[in-house]
Structure formats: structure tokens, C-alpha cells
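**Q** Last residue of the sequence shown: number 619 in this note's numbering, and the count goes up by one each step with no gaps. Cβ atoms here follow ideal geometry from the backbone N, Cα and C, with glycine treated the same way.
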Amino acid sequence: MIEPSGLAEERKGSGNGRIGKHRKARENTRNTGRGTGERKHMVKAVIFDMDGVIIDSEGKYLEFQLEFAQKKNPNVRIEQLYPMVGATKKEAWEVLEHAVDNGQTWEELRDECRRRDIYSEVDYREIYRPEVTEVLKTLKEKGYRLALASSTQLDLVERVLRENEIREYFEVVVSGSQFKRSKPDPEIYQYTASRLGVRTEECLAVEDSTIGITAASRAGMKIAAVIDNRYNFDQSLADYHIARVKEVLEVVKEA
365 MIEPSGLAEE RKGSGNGRIG KHRKARENTR NTGRGTGERK HMVKAVIFDM
415 DGVIIDSEGK YLEFQLEFAQ KKNPNVRIEQ LYPMVGATKK EAWEVLEHAV
465 DNGQTWEELR DECRRRDIYS EVDYREIYRP EVTEVLKTLK EKGYRLALAS
515 STQLDLVERV LRENEIREYF EVVVSGSQFK RSKPDPEIYQ YTASRLGVRT
565 EECLAVEDST IGITAASRAG MKIAAVIDNR YNFDQSLADY HIARVKEVLE
615 VVKEA
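(1) If the criterion is Cβ atoms closer than 9 angstroms, does the pair I419 and A511 meet it?
(2) By Cβ distance below 6 angstroms, which residues in the same chain neighbour E529 in space, the five residues on each side in sequence not counted?
(3) Please go through the same chain and pick out, in chain order, the residues whose beta-carbon is closer than 7 angstroms to the beta-carbon of P494, but skip the five residues on each side of it.
(4) Contact defined as beta carbons within less than 8 angstroms: I believe A557 pairs with A409. What is the distance between those atoms, to the nearest angstrom?
(5) Looking at the structure shown, is V562 part of a helix, part of a strand, or coil, going by DSSP?
(6) Determine the DSSP secondary structure at E527, reduced to helix, strand or coil.
(7) Is the CB-CB distance between L568 and I587 below 9 angstroms?
(8) With a Cβ-Cβ cutoff of 9 angstroms, do V407 and A619 count as a contact?
(9) Let's see if you can read the secondary structure: which residues bound the alpha helix (DSSP H) around R509?
(10) Helix, strand or coil for Q599, going by three-state DSSP, please let me know.
(11) What is the DSSP secondary structure of Y492, counted as helix, strand or coil?
(12) By a C-beta neighbour count over all protein chains shown, 10 Å radius and 16 as the cutoff for buried, is E505 buried or exposed?
(13) Find out if the Cβ-Cβ distance for the pair G416, S541 is shorter than 9 angstroms.
(14) F428 by DSSP, collapsed to three states: which one?
(15) For the alpha helix (DSSP H) that contains K454, what are its first and last residues?
(16) Given this structure, state the Cα-to-Cα distance separating V616 from E535, to the nearest angstrom.
(17) According to DSSP, simplified to helix, strand and coil, what is E571?
(18) Using CA coordinates, which residue listed in P548, L473, V459, E498 is at the minimum distance from K436?
(19) With DSSP collapsed to three states, give me the class of S539.
(20) Is the Cβ-Cβ distance between V521 and M414 less than 9 angstroms?
(21) K610 to D592, Cα distance in whole Å?
(22) Would you mind stating whether A456 and V440 have Cβ atoms separated by less than 9 angstroms?
(23) Here's the rule: buried if 16 or more other CB atoms are within 10 angstroms of the residue's CB, otherwise exposed. What is P550?
(24) Alpha carbons only, please: which of I606, N596, L601 is nearest the one belonging to Q444?
(25) Inspect the beta-carbon positions of L601 and T564 and report whether they are closer than 9 angstroms.
(26) Which of the three DSSP states is assigned to T393 in this structure?
(27) Could you name the residues that DSSP lists as bridge partners for V616?
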């Protein structure tokens, strides 16, 4: 069942004031203040992240990174690399540096690992979430503006969309490589909203990772977080928690 994240926290009795204030501020922007209950900022656009939302890629990439790390240190366990998922690039490679612990810097390990083109070895149709196609089709038919904002390099984003035959649904496709600072900086989401011609308050971002959710929150967007308990993401800033992407169709009615 989908429910606003703030309600979920209240039921847990967490007492987290920051989350409570965040939810209250969002609620205030959604009401007209005339006591009618009419929402001021209806969702006009849905902006999707790619990795962890459209494709379940993070586990696949971790397999390659574990293989690389174990060649350096056979004692490295997959659990040690989980913090790489959803981290900034520097933070992710520092996790691997700490796990390998062989005296190489994270820059040296990154450069060595990148000599292998792991992306060419991934079948992106195999890790695609097939429900996404119907979600995009339905949203498009209902008049929502659709965009994708991913930290991944643009050529790979375009490849994933093309191979899964969903490129046509997105009016705007944006990569973090286009900016000096990508997620958790909000610029990627602010830019995407401007390209769509809508206000950030009129956007629903579909995210999973801590940095992605933080970026959308800083941009002032409503957020639906795809639950993933494998990587210990902090999804507390999200307005909604959803078990599957198809639940976005319910969220846009409520947001």
C-alpha cells in the first residue's frame, strides 16, 4: 500500500522532527489556503531516475566490482561494497579502496577497473523492469510530461532506452555528465523541469538512492522512492515509498 512517508514515520513513532517539518512544508505548498482542500501544485510531469528504477543495474555492476576487488584482495565480501551503490563517484571508489586495502588510491583503482568496458558486457534487456513500459505508456496517455534524469553518461542512458524500446516516451533525457555537479546537487532536476516547461513543484521524481532523493528534494519536487532494502539507502526525504514502479500510477493521483 502506498502512503505518504510522513504518515509512515508517524505510525512508527519515530519522533524525527526533520522529517515531520519536511512533510508539513510540502503539504502547505499543495493547498490553496482557502480551506477547499484543492491542491495548488498538481503533478504535471514525472521525472525518472534510471539505475535502480528503470533497470535493476546496481547488483550487476557490483558483481563486476567484486570480481575486480577480489583479484586485489580475495577476502573482500560483497557486503563491503554495498555502500558503493547510490554514492557519488568519489565516495563509491573510496569504499572499494577501503575494502581492497592494498595501498592503491581510489583513483588508481578506478582507472585500472575502467580498463574493462563492463557496460558492453551487460544485457540491459535482462535487467529491465518490464512494468516500466506500461507505466510510461499510461502516463503519456493521461497527459503527463515525461523525462529521465540520470547520473549515468548520456550515451549509455540512450542505449538503455533504445534497447528496451522506451525512448519515444521521454520528451527530455538528461545526464549528470552535462553538469559540473550532479546528484545530490539539485541542478540536474531544476534543469530538467525547465526543459519540460514546468515548475519543480509540479514534478514527481521517481528515485531510489539517497543522493537522488536528496537532489529532487533540494529542487523542491515531490518524490516517490522505490524501496530497496539491499543497500541501506536513506529514503526519509521521499513523500511516498513504493514497492514497485507501477505504483507511480497511484502516486500521481494523490501527489
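**A** Taking the geometry as given:
(1) Counted from its first residue, the sequence shown places residue 419 at position 55. Counted from its first residue, the sequence shown places residue 511 at position 147. No. Outside cutoff.
(2) Counting from 1 along the sequence shown, the entry for residue 529 is found at position 165. Once the five neighbours on either side are set aside, E529 has no close Cβ partner at all.
(3) Here the question's residue 494 lines up with position 130 in the sequence shown. Excluding its 5 nearest sequence neighbours in each direction, P494 has no C-beta neighbour in its own chain below 7 angstroms.
(4) Position 193 of the sequence shown, counted from the first residue, corresponds to residue 557. Position 45 of the sequence shown, counted from the first residue, corresponds to residue 409. Rounded, the Cβ-Cβ distance is 7 angstroms, consistent with contact.
(5) To locate residue 562, count along the sequence shown from 1; it is residue 198. V562: coil per DSSP, three-state reduction.
(6) Numbered from its first residue, the sequence shown carries residue 527 at position 163. The answer is helix: DSSP assigns E527 an H, G or I state.
(7) Translated into positions along the sequence shown, residue 568 becomes position 204. Translated into positions along the sequence shown, residue 587 becomes position 223. Yes; because the gap between Cβ atoms is below 9 angstroms, this pair is in contact.
(8) Residue mapping note: residue 407 aligns to position 43 of the sequence shown, counting from 1. Residue mapping note: residue 619 aligns to position 255 of the sequence shown, counting from 1. Yes.
(9) As a working mapping, residue 509 is identified with position 145 in the sequence shown. No alpha helix (DSSP H) contains R509, which is instead part of the beta strand (DSSP E) from 509-514.
(10) In the sequence shown, residue 599 corresponds to position 235, counting from 1. Of the three classes helix, strand and coil, the one that applies to Q599 here is coil, per DSSP.
(11) Start at 1 with the first residue of the sequence shown, and residue 492 comes out as number 128. DSSP places Y492 in strand when its eight states are reduced to three.
(12) One-based indexing of the sequence shown puts residue 505 at position 141. E505 should be labelled exposed.
(13) Mapped onto the sequence shown, residue 416 falls at position 52. Mapped onto the sequence shown, residue 541 falls at position 177. The Cβ-Cβ distance between G416 and S541 does not fall below 9 angstroms.
(14) Mapped onto the sequence shown, residue 428 falls at position 64. In the structure shown, F428 sits in a helix (DSSP, three-state: H, G or I).
(15) Within the sequence shown, residue 454 is the residue found at index 90, counting from 1. Its alpha helix (DSSP H) spans residues 453-464.
(16) Counting from one through the sequence shown, the residue named residue 616 turns up at place 252. Counting from one through the sequence shown, the residue named residue 535 turns up at place 171. Each residue's alpha carbon lies about 18 angstroms from the other.
(17) To locate residue 571, count along the sequence shown from 1; it is residue 207. Strand.
(18) Position 72 of the sequence shown holds residue 436. The option with the nearest alpha carbon to K436 is L473.
(19) Within the sequence shown, numbered from 1, the residue matching residue 539 stands at position 175. Note: S539 maps to strand in three-state DSSP.
(20) Sequence index remark: in the sequence shown, residue 521 carries index 157 (1-based). Sequence index remark: in the sequence shown, residue 414 carries index 50 (1-based). It is a contact, given that the beta carbons lie within the stated cut-off.
(21) Start at 1 with the first residue of the sequence shown, and residue 610 comes out as number 246. Start at 1 with the first residue of the sequence shown, and residue 592 comes out as number 228. Approximately 15 angstroms, taken between the alpha carbons.
(22) For the purposes of this step, residue 456 is taken as residue 92 along the sequence shown, with counting starting at 1. For the purposes of this step, residue 440 is taken as residue 76 along the sequence shown, with counting starting at 1. In this structure, V440 does not lie closer than 9 angstroms to A456 by Cβ.
(23) Counting from 1 along the sequence shown, the entry for residue 550 is found at position 186. Classification for P550: buried.
(24) Here the question's residue 444 lines up with position 80 in the sequence shown. Comparing alpha-carbon positions, the option among I606, N596, L601 lying closest to Q444 turns out to be N596.
(25) Taking the sequence shown and counting its residues from 1, the one referred to as residue 601 is at position 237. Taking the sequence shown and counting its residues from 1, the one referred to as residue 564 is at position 200. No Cβ-Cβ contact shorter than 9 angstroms links L601 with T564.
(26) Walking along the sequence shown from the start, residue 393 turns up at place 29. Below a pLDDT of 50, predicted positions are generally treated as unreliable, and T393, at 39, falls in that range; the measurement from the model is reported next regardless. Here T393 sits in helix by DSSP.
(27) For the purposes of this step, residue 616 is taken as residue 252 along the sequence shown, with counting starting at 1. None, per the DSSP bridge assignment.
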